[in-house]
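Novice:
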Amino acid sequence: MSTMHINLCPVLVRDVIAGYANTEEDGVSGLGGRLNIRPQYQRLFRYDLEQQQAVIRTVLKGFPLNVFYWSVGDDGSYEMLDGQQRTLSICEFTEGAFSVTNPAWPFPKNFAGLSDEDKARILDYELMVYKCRGTEDEKLEWFKVINIAGLQLEAQELRNAVYTGPWLTDAKRYFSRENQGAHKYGKDYVRAGDVKAQDLLEKALTWVAGRGDEAVCGYMNDHRYDQNALELWKRFRDVVDWAKTTFPKVRPQLRQVGWPGLFDRFGAGNWDAAGLEEQVSTLLADPDVTKKAGVYEFVLSGDARVLNIRAFDNAMRTEAYERQGGVCPRCGEHFGIGEMEADHITPWSQGGRTSAANCQMLCREDNRRKGAI
């Protein structure tokens, strides 16, 4: 049975702006510290000046703004789910951050320059707020539904809105700050994406929880009330440290490698970094290797499939077919070109190139029987 409760409640502007605070470290809060308008280190979607002014003019005229959505925490606090830009516009105007033009005024006015009557119109304006209380899964599903309007949040931002707590606060210190923490530490080895959109936090979570929304949500729920995120930070550091030690030469391809999987499979080995570097350098220069990031896994595993060796093109296949007269050199039978497959005469692993001279056409059965390159 659903435990979801959604109530529509009027909230006065004067109450929302009470105790308004906006800092990089603590995020943006209002309602005497009980309303988390923007969690710390989360992306800040800011209206431009014209949009901000439009919000204030709407309030002054007493016209309705779109509804706001707040999530109710277990301790009675609130998290802003939708309405951040409108709320910030109101808070910043009352703080004197910008002025508003009005045809009835001879010049633009900031909040301090308004008449007492206009100030009261703003402070006593009722914001219509949907307050959502329920389980984490219910709130996450609800948030996904209301996220269809405006500038949409990413999957990890949706999760952050639901699984708030001390663990998330600490995790953001490490994974949600550009050029600091995990972003700075792993920048040469990890594709961070949009750090402020929580891409790096999401990536780190998959390193410890596994891929998929269910796995990530499960981990965040299990650790929600942990006092720190050291387990996540340690996992990230362990993987990156091993990658840096094993492959110390920095190249762009490093950011495309699946390091957690390699660390789990090969992290316990005693690898010769200099010897690996020699192999990597040779393979990166090999034109037959089409997946350059796969080189790092190949030198550890020896599995050539991760390299996506360049295939023979149609001209090479046709030349080999005509040279053979359509006869498979293995079974001696004649086949149409569409019934045959191109194969390396000298395997790539033994120095054979993907060239016309090294191409032979085998019937499908013999090619399957021969196996991989």
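Using my numbering, count along the sequence shown one by one with no gaps and you end on 943. Don't be surprised by glycine CBs; every beta carbon is placed ideally from N, CA and C. Since the structure is predicted, the reported quantities are computational estimates derived from the model, not experimental observations.
1. What is the residue span of the beta strand (DSSP E) that S641 lies within?
2. Assuming D948 is part of the alpha helix (DSSP H), what are its boundary residues?
3. Starting from the C-beta of V820, find all residues in its chain whose C-beta is less than 6 Å away, skip the five residues before and the five after it, and write them out in chain order.
4. Looking only at its chain, what residues have a beta carbon closer than 6 Å to the beta carbon of V581, apart from the 5 residues adjacent to it on each side?
5. What whole-angstrom Cβ distance do T815 and A843 have, given they're in contact under 8 Å?
6. Please work out which residues of its chain come closer than 6 Å, Cβ to Cβ, to F638, disregarding the five sequence neighbours upstream and downstream, and give them in chain order.
7. Run through the DSSP bridge pairs and tell me what Y700 is partnered with.
8. Here's the rule I'm using: 16 or more other beta-carbon atoms within 10 Å means buried, otherwise exposed. How should R875 be labelled?
9. Quick one: Cα of D740 to Cα of F668, how far?
10. Pull up the DSSP beta-bridge partners for V598, would you.
11. What residue range is occupied by the uninterrupted beta strand (DSSP E) comprising C929?
12. Mark P830 as exposed unless 16 or more other C-beta atoms lie within 10 angstroms of its C-beta, in which case mark it buried.
13. With a threshold of 7 Å on Cβ separation, who are the neighbours of N791 within its own chain once the five nearest residues in sequence on each side are excluded?
14. Report the option in L619, I576 and S659 whose CA atom is closest to the CA atom of V598.
15. Any idea what DSSP makes of N911, helix, strand or coil?
16. Compare the C-alpha of R691 against each of C579, S925, R584 and W777 and name the closest.
17. Alpha carbon to alpha carbon, how far is R560 from P676?
18. Restricting to runs no shorter than 4 residues, where is the alpha helix (DSSP H) found entirely within the segment 735-818?
19. For V670, which of helix, strand or coil comes out of DSSP?
20. So what's E903 in DSSP terms, helix, strand or just coil?
21. Quick check on DSSP: helix, strand or coil for K562?
Specialist: Result, derived from the coordinates:
1. In the sequence shown, residue 641 corresponds to position 71, counting from 1. It spans F638 to V642 - the beta strand (DSSP E) in which S641 sits, taken as one unbroken run.
2. For residue 948 there is no data in the structure shown, the boundaries of the chain being 571 and 943.
3. Here residue 820 corresponds to residue number 250 of the sequence shown, with the count starting at 1. Here the set comprises D758.
4. As a first step, residue 581 must be located in the sequence shown, where it is residue number 11. Closer than 6 Å at the Cβ level, and outside the excluded window around V581, lie L697 and V699.
5. Counted from its first residue, the sequence shown places residue 815 at position 245. Counted from its first residue, the sequence shown places residue 843 at position 273. Confirmed, Cβ separation roughly 7 Å.
6. Locating residue 638 in the sequence shown gives position 68, counting from the first residue. Counting only Cβ-Cβ distances below 6 Å, and skipping sequence neighbours, we find G653, L697 and V699.
7. Position 130 of the sequence shown holds residue 700. DSSP, once it has assigned bridges, lists L578 and Y639 as partnering Y700.
8. Start at 1 with the first residue of the sequence shown, and residue 875 comes out as number 305. So R875 counts as exposed.
9. Along the sequence shown, read from residue 1 onward, the residue named residue 740 stands at position 170. Along the sequence shown, read from residue 1 onward, the residue named residue 668 stands at position 98. C-alpha separation (whole angstroms): 33 Å.
10. Numbered from its first residue, the sequence shown carries residue 598 at position 28. Looking at the DSSP assignment, V598 forms a beta bridge with N592 and R608.
11. Taking the first residue of the sequence shown as 1, we reach residue 929 at position 359. From DSSP, the beta strand (DSSP E) with C929 extends over C929 to C933.
12. Locating residue 830 in the sequence shown gives position 260, counting from the first residue. Flag for P830 reads buried.
13. Taking the first residue of the sequence shown as 1, we reach residue 791 at position 221. Cβ neighbours of N791 beyond the five flanking positions: E706 and Y733.
14. Working through the sequence shown from its first residue, we reach residue 598 at position 28. It is S659.
15. As a position in the sequence shown, residue 911 is number 341, starting the count at 1. A quick correction: the sequence has Glu, not Asn, at residue 911. Strand.
16. By one-based count along the sequence shown, residue 691 stands at place 121. When each option's Cα is compared against that of R691, the closest is R584.
17. There is simply no residue 560 to check, as the chain begins at 571 and stops at 943 in what is shown.
18. 736-745, 751-755, 769-779, 783-793 and 800-816
19. To locate residue 670, count along the sequence shown from 1; it is residue 100. The answer is strand: DSSP assigns V670 an E or B state.
20. As a first step, residue 903 must be located in the sequence shown, where it is residue number 333. Residue state, collapsed to three classes: coil.
21. For residue 562 there is no data in the structure shown, the boundaries of the chain being 571 and 943.
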